[in-house]
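Okay, structure first, notes after.
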Amino acid sequence: MHFTITVDSHVWEFTASDLLLHNTPDDYWVVLDGKVYDVTLFLDLHPAGRNIIIDNGPDITRGFLGIGHPERAYDYLSDLVLGDFIEDPVQEATTAHRLLYWAPLGLLLGLFVYHCATS
Ligand code: HEM
Numbered sequence: 001m002h003f004t005i006t007v008d009s010h011v012w013e014f015t016a017s018d019l020l021l022h023n024t025p026d027d028y029w030v031v032l033d034g035k036v037y038d039v040t041l042f043l044d045l046h047p048a049g050r051n052i053i054i055d056n057g058p059d060i061t062r063g064f065l066g067i068g069h070p071e072r073a074y075d076y077l078s079d080l081v082l083g084d085f086i087e088d089p090v091q092e093a094t095t096a097h098r099l100l101y102w103a104p105l106g107l108l109l110g111l112f113v114y115h116c117a118t119s
């Protein structure tokens with residue numbers, strides 16, 4: 001089997017959340033040494049069977065390198081690669097979040113000042 005994924009020069013990036021969406025034997029992505037691979041079609045071609053990949057996934061780095069795969073295995077990888085693995089971006093506090101946080105405190109302070117001023 002040989003297939004090539006043609007992408008433009010853009011480097012695609014994927015996070016752990018993306019991997020969770022492709023975590024079934026019918027649609028299985030793995031991470032190996034900072035890169036993401038779609039191994040769905042490869043699972044049945046793996047000489048040591050499909051389960052050993054799934055059991056070692058989705059981050060197969062230790063399993064794959066631990067076995068000491070020969071060059072032939074790396075040839076497959078270049079056909080299966082999707083892009084880079086990156087950390088999930090930390091969610092920035094949005095203006096709406098800040099408003100929700102500070103509005104009740106502001107209201108309380110206002111009531112307190114009003115109470116002091118009128119008593
Ligand atoms: C996409 C990832 C992987 C690719 C492309 C791949 C590819 C290969 C290839 C081409 C072979 C045959 C090597 C030879 O000619 O001697 C092989 C063997 C083997 N692989 Fe993988 N492999 C992958 C992931 C894994 C993982 C995660 C494990 C888990 C530990 C694993 C365990 C093994 C074992 C134990 C063998 C030896 C089979 C034998 O000699 O009977 N592989 N793999």
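Residue numbers (UniProt numbering): 1 to 119. Using N, Cα and C, we set each Cβ at its ideal position, and we do this for glycine too.
Residue nearest to residue i in terms of C-alpha spacing, selected from the options
i	options	result
Asp10	Gly83, Pro104, Glu87	The displayed chain sequence assigns His, not Asp, to residue 10. Nearest of Gly83, Pro104, Glu87 to His10, Cα basis: Gly83.
His69	Trp29, Val30, Thr95, His46	His46
Arg62	Gly34, Gly106, Thr95, Leu109	Gly34
Pro58	Ser78, Leu77, His22, Ile67	His22
Within 7 Å, strictly: CB atoms of residue i and residue j
i	j	result
Leu32	Phe64	yes
Leu80	Tyr28	no
Asp88	Thr15	yes
Val90	Ile60	no
Outcome for residue i when other beta-carbon atoms lying within 10 angstroms are tallied against a minimum of 16
i	result
Tyr101	exposed
Trp12	exposed
Ile86	exposed
Val39	buried
Arg98	exposed
Ile67	exposed
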